[in-house]
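Enquirer:
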Amino acid sequence: MSTATHTRPDPAEVDLHVQFEDIEQQNETYLVGMWTFLVTEVMFFGGLFLVYILQRWMHAPQWYVIHEQLDWRLGGLNTMILLFSSFTMACAVHFSQLRKFDKQLQMLGITILCAFGFLVVKFFEWSAKIEHHLVPGAHFEWAHAGASKGVAEMFFVLYFSMTGLHAIHVIIGIIVIGVLATLVAKRHTSVNRDYLPTEMIGLYWHFVDLVWIFLYPLFYLIPKS
Amino acid sequence: MSATAARPEELDDATRPNYLNVSHTIKSWLLTQDHKRIAVLYLVSISFFFLLGGLAASMIRLELTSPRGVMLESETYNKMFSAHGIIMVFLFLVPSIPATFGNFALPMMIGAKDLAFPRLNLLSWYLYMIGGGLILAALLMGGVDTGWTFYTPYSSMYSSGHVVLAIVGVFIAGFSSIFTGLNFIATVHKMRAPGMTWFRMPLFVWAMYATSVIIVLGTPVVAITLALVAVEATMGVGIFSPALGGDPVLFQHMFWFYSHPAVYIMILPSMGVMSELIACFSRKRIFGYHFVAFSSLAIAGLGFIVWGHHMFTSGQSTFQSLVFSLISFVVAVPSAVKTFNWMATIYKGNVDLRSPMIFALGFLGLFVVGGLTGLYLASLATDVHLQATYFVVAHFHYIMVGGAMMGFLGALHYWWPKMTGKMYSDNWAKIGAALVFVGFNLTFFPQFILGYLGMPRRYHYYDFAPQWQAYNIMSSAGASVLALGYILPAFYLLHSLKYGKPAGRNPWGAVGLEWQTESPPDTHNFHEIPIVTHEAYDYAAVDEIEHAQAQEVMKKEAHMGSDE
Chain A
1 MSTATHTRPD
11 PAEVDLHVQF
21 EDIEQQNETY
31 LVGMWTFLVT
41 EVMFFGGLFL
51 VYILQRWMHA
61 PQWYVIHEQL
71 DWRLGGLNTM
81 ILLFSSFTMA
91 CAVHFSQLRK
101 FDKQLQMLGI
111 TILCAFGFLV
121 VKFFEWSAKI
131 EHHLVPGAHF
141 EWAHAGASKG
151 VAEMFFVLYF
161 SMTGLHAIHV
171 IIGIIVIGVL
181 ATLVAKRHTS
191 VNRDYLPTEM
201 IGLYWHFVDL
211 VWIFLYPLFY
221 LIPKS
Chain B
226 MSATAARPEE
236 LDDATRPNYL
246 NVSHTIKSWL
256 LTQDHKRIAV
266 LYLVSISFFF
276 LLGGLAASMI
286 RLELTSPRGV
296 MLESETYNKM
306 FSAHGIIMVF
316 LFLVPSIPAT
326 FGNFALPMMI
336 GAKDLAFPRL
346 NLLSWYLYMI
356 GGGLILAALL
366 MGGVDTGWTF
376 YTPYSSMYSS
386 GHVVLAIVGV
396 FIAGFSSIFT
406 GLNFIATVHK
416 MRAPGMTWFR
426 MPLFVWAMYA
436 TSVIIVLGTP
446 VVAITLALVA
456 VEATMGVGIF
466 SPALGGDPVL
476 FQHMFWFYSH
486 PAVYIMILPS
496 MGVMSELIAC
506 FSRKRIFGYH
516 FVAFSSLAIA
526 GLGFIVWGHH
536 MFTSGQSTFQ
546 SLVFSLISFV
556 VAVPSAVKTF
566 NWMATIYKGN
576 VDLRSPMIFA
586 LGFLGLFVVG
596 GLTGLYLASL
606 ATDVHLQATY
616 FVVAHFHYIM
626 VGGAMMGFLG
636 ALHYWWPKMT
646 GKMYSDNWAK
656 IGAALVFVGF
666 NLTFFPQFIL
676 GYLGMPRRYH
686 YYDFAPQWQA
696 YNIMSSAGAS
706 VLALGYILPA
716 FYLLHSLKYG
726 KPAGRNPWGA
736 VGLEWQTESP
746 PDTHNFHEIP
756 IVTHEAYDYA
766 AVDEIEHAQA
776 QEVMKKEAHM
786 GSDE
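Chains A and B, in that order, are what the protein sequence lines are.
First residue of the first sequence: 1, per my numbering; consecutive thereafter.
First residue of the second sequence: 226, per my numbering; consecutive thereafter.
1. CB F140 (chain A) to CB H133 (chain A), shorter than 8 Å?
2. For M162 (chain A), is the classification buried or exposed, using 16 other Cβ atoms within 10 angstroms of its Cβ as the cut-off for buried?
3. DSSP three-state call for A337 (chain B): helix, strand or coil?
4. Where DSSP assigns a beta bridge to D747 (chain B), which residues make up the other side?
5. Out of B:G627, B:K338, B:G357, B:E771, which has the shortest C-alpha to C-alpha gap to D22 (chain A)?
6. Name, going along the chain, the residues of the segment 60 to 74 of chain A whose beta-carbon falls closer than 7 Å to a beta-carbon of chain B.
7. Does the distance from the CB of T598 (chain B) to the CB of Y244 (chain B) come in under 8 Å?
8. Around the Cβ of P223 (chain A), are there at least 16 other Cβ atoms within 10 angstroms (buried) or fewer (exposed)?
9. May I ask you to report which of helix, strand or coil DSSP gives T614 (chain B)?
10. Rounded to whole angstroms, how far is the Cβ of L611 (chain B) from the Cβ of V617 (chain B), which I believe are closer than 8 Å?
11. Considering only the alpha carbon of each residue, which of B:M496, B:F512, B:S385 lies closest to T371 (chain B)?
12. Of all the options B:T290, B:M313, B:T614, which has the alpha carbon lying nearest to the alpha carbon of G676 (chain B)?
13. Say whether chain A places a C-beta atom closer than 8 Å to the C-beta of I214 (chain B).
14. Starting from V18 (chain A), find everything on chain B with Cβ-Cβ shorter than 8 Å and list it in chain order.
15. What do you get for H94 (chain A), buried or exposed, if any count of 16 or more other CB atoms within 10 angstroms of its CB means buried?
16. Buried or exposed: where does Q692 (chain B) fall if 16 or more other Cβ atoms within 10 Å of its Cβ makes it buried?
17. The alpha helix (DSSP H) with V736 (chain B) in it runs from where to where?
18. Just the C-alpha distance for M1 (chain A) and K100 (chain A), rounded to the nearest angstrom, thanks.
19. Using the rule of at least 16 other Cβ atoms within 10 Å of the residue's Cβ for burial, across every protein chain shown, is M366 (chain B) buried or exposed?
20. In the DSSP assignment, the alpha helix (DSSP H) including H94 (chain A) goes from what residue to what residue?
21. P136 (chain A) touches chain B at which residues, Cβ-Cβ below 7 Å?
22. What does DSSP give as the partner residue(s) for K643 (chain B) in the beta ladder?
23. Just the Cα atoms here: how many angstroms apart are V430 (chain B) and E300 (chain B)?
24. Here's the rule: buried if 16 or more other CB atoms are within 10 angstroms of the residue's CB, otherwise exposed. What is L266 (chain B)?
25. Distance, Cα to Cα, R262 (chain B) vs W254 (chain B)?
26. Can you pull the chain B residues whose beta carbon is under 7 Å from the beta carbon of L48 (chain A), in chain order?
27. Using C-beta distances below 6 Å, list every residue in its chain close to A282 (chain B), excluding the 5 sequence neighbours before and after it, in chain order.
28. Shorter than 8 Å from the beta carbon of E125 (chain A) to some beta carbon of chain B?
29. So V319 (chain B) packs on S381 (chain B), CB below 8 Å; how close in whole Å?
30. Among the residues of its own chain, which have a CB less than 7 Å from the CB of I490 (chain B), if the five just before and after it don't count?
31. On the criterion of 16 or more Cβ atoms from any shown chain inside 10 Å, does N566 (chain B) qualify as buried, or is it exposed?
32. How would you label F716 (chain B), buried or exposed, when you count the other beta carbons within 10 angstroms and need 16 or more for buried?
33. What does the alpha-carbon distance come out to for the pair Y686 (chain B) and D763 (chain B)?
34. Do you know offhand how far L215 (chain A)'s Cα is from F156 (chain A)'s?
35. Bridge partners of P681 (chain B), per DSSP?
36. Taking just the CA atoms, how far does I285 (chain B) sit from A704 (chain B)?
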């Protein structure tokens, strides 16, 4: 995408906050802030990834047995859904830059639908786990050969905390994109004078997508060792 | 303001609107987005928590005057030092200088009207208060007895205290500092005034930037670690507890990955304050500006790869310990670079011994002792002897209380005229500084000896070694002097609010941009955004102008004399 085709915001008509000198400074500052926030998010998930690495390294053969309890097809479906939603989000940013607000709204709508779809699939996956007593805690049961109960429980602790933390991020994403879509629908000045709010929410959504890109192979596609 | 009203700079001090008197309602304070007002909110709330932590400390010192532990039950004593540690680390030291003086001075120092995200700034104060409130609730409901480190499996499996509540409090307070750090990073990157290049920034801003990098990278990790402790405690699954198949050393790795850099979150801002104070009161360009600036970044970077020196006796591999020991020695280098540069700045400077400078000199003395004793603890062999003794307690108090607290008080005395527009009594402030310095050494130096003699930290019963009592009594006596030194500023500073002389724009003759604003500043700091043409600490140029003016006056007088 070349930036030449985008309509640059007219500085006079964009809401400029008092602490900034001009709109360019404001936009650049917002982007620096957003990227810094994403760095903290990476570190936030990083702690869990560290525990994951350690546990898998210690119990690799058992983890292969345990991971067969997860359905790679459902995970794969969810990966497709999220990848597609990332594409529609990128389109939303593109249309926002072109000031085609109806198309932007459509794209945001599809993104939210995908996010809901992701959660629905997750819901079915998790309720199956509850049914099979695979949720860590007092009711955890494990009767499969090839892996001990303790290791299996730890696997599911990580599975639920990492995909759970990710799901929380998806829910936050739905709320934020929902607010954005409402504002776009109302042609609110804070979102249609400038594409930056859309771009920042887009960055967040791509991050959420990216985390799943790591989670999917780490939990669903463990190789036999 | 209507067009006919007088321009702000033309009004006299009594009628000129400033950030303090612009409105007086409680609502205007609680919903403010002004970085200076938020700094004041932080100053008040942080002082409150400091008082609480200090009260807990005084209970500890009282208890230790007797070797038989007569005053407090063992469990109460454990809760007391835990309360002291949790409050002081998470609610005082980590936010102290960044959230108050960073908030207040940083935007002005780089010539900005406010921080990049004022609303986020206010949110971070609310998060701090919510976190502090939850921690306070946990302490009031019966307390926590794990120590501030929340070591597993004790914290997750066996402790009877309100660990989960306290952890949630620390988690939320952690996000408060993440948002402050994020705000500072965006502000320093994008809000600098025209001409304010990276190497014209005051060193306090460099220190704040390095601190923010640590906060942003480290705090999320401790947040997720403590969240995992809470998961283990509530659901009974083995992440860290060996009885359930977890790994307790893993907790220590993840905890110290944040909590060692957190030490630099506490000390780096103080180092930034030192550079301001020493340059200003020596009337000299700081010696080796670039080295001091980069040493802040070096400390931030190296600080992330030394955490293993907390675990020399926790069963990590010898090779790991060796590497961590080596890097711990290396991190002493940038700290020494700073110290030597400050001393070179004072050397042949025109030193003005006003109270902020006394605090700065106090910092130098205490920080050097604290830093050098750190090397004993970074050495593998000596650490085995000194690990978890009072030597460690004395060492980190020399850094955190001697260093960070001296920096905090120095900053408070340096920027107080700017914050309030009033001058305090410099003589009383000097007495306060002397009391803190003497009281501090009396309190903590005996603890080095105690630790060397083998007294373990966190014990309140030491009847098996009564020879330790004399040192403990010395330490407790010093603590009361220290307490006096900390209470005294509250009196003369509050007194100055009502009776202090007006400070004027620049009572110290300092060159930083914040001193070009009114005292107290307007809501948006500057009437016009300044254009920066000089490096920071350009005292030579200022003094040259003054020198030329003085010569002019003398010439005139001589000329007039010859005429007669």
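Glycine included, every Cβ here is placed at the ideal spot set by N, Cα and C.
Note that the structure is a prediction, hence the values are computed from the model and not measured.
Expert: So, from the data block:
1. yes
2. buried
3. coil
4. B:N750
5. B:K338
6. none
7. no
8. exposed
9. strand
10. 6 Å
11. B:S385
12. B:T614
13. No answer is possible for residue 214 (chain B): it lies beyond the span of chain B, which begins at 226 and ends at 789.
14. K338, D339, H749
15. buried
16. exposed
17. No alpha helix (DSSP H) holds V736 (chain B); DSSP gives it neither H nor E.
18. For M1 (chain A), the predicted structure reports a pLDDT of 40, less than 50, and the residue's modelled location is therefore unreliable. A value from the coordinates is still provided. Approximately 15 Å, taken between the alpha carbons.
19. exposed
20. 72 to 98
21. M460, V462
22. Partner(s): none; K643 (chain B) has no beta bridge.
23. 43 Å
24. buried
25. 7 Å
26. I449
27. H309
28. no
29. The Cβ separation is near 23 Å, so there is no contact.
30. V319, T436, I439, I440
31. buried
32. exposed
33. 56 Å
34. 13 Å
35. B:T614
36. 10 Å
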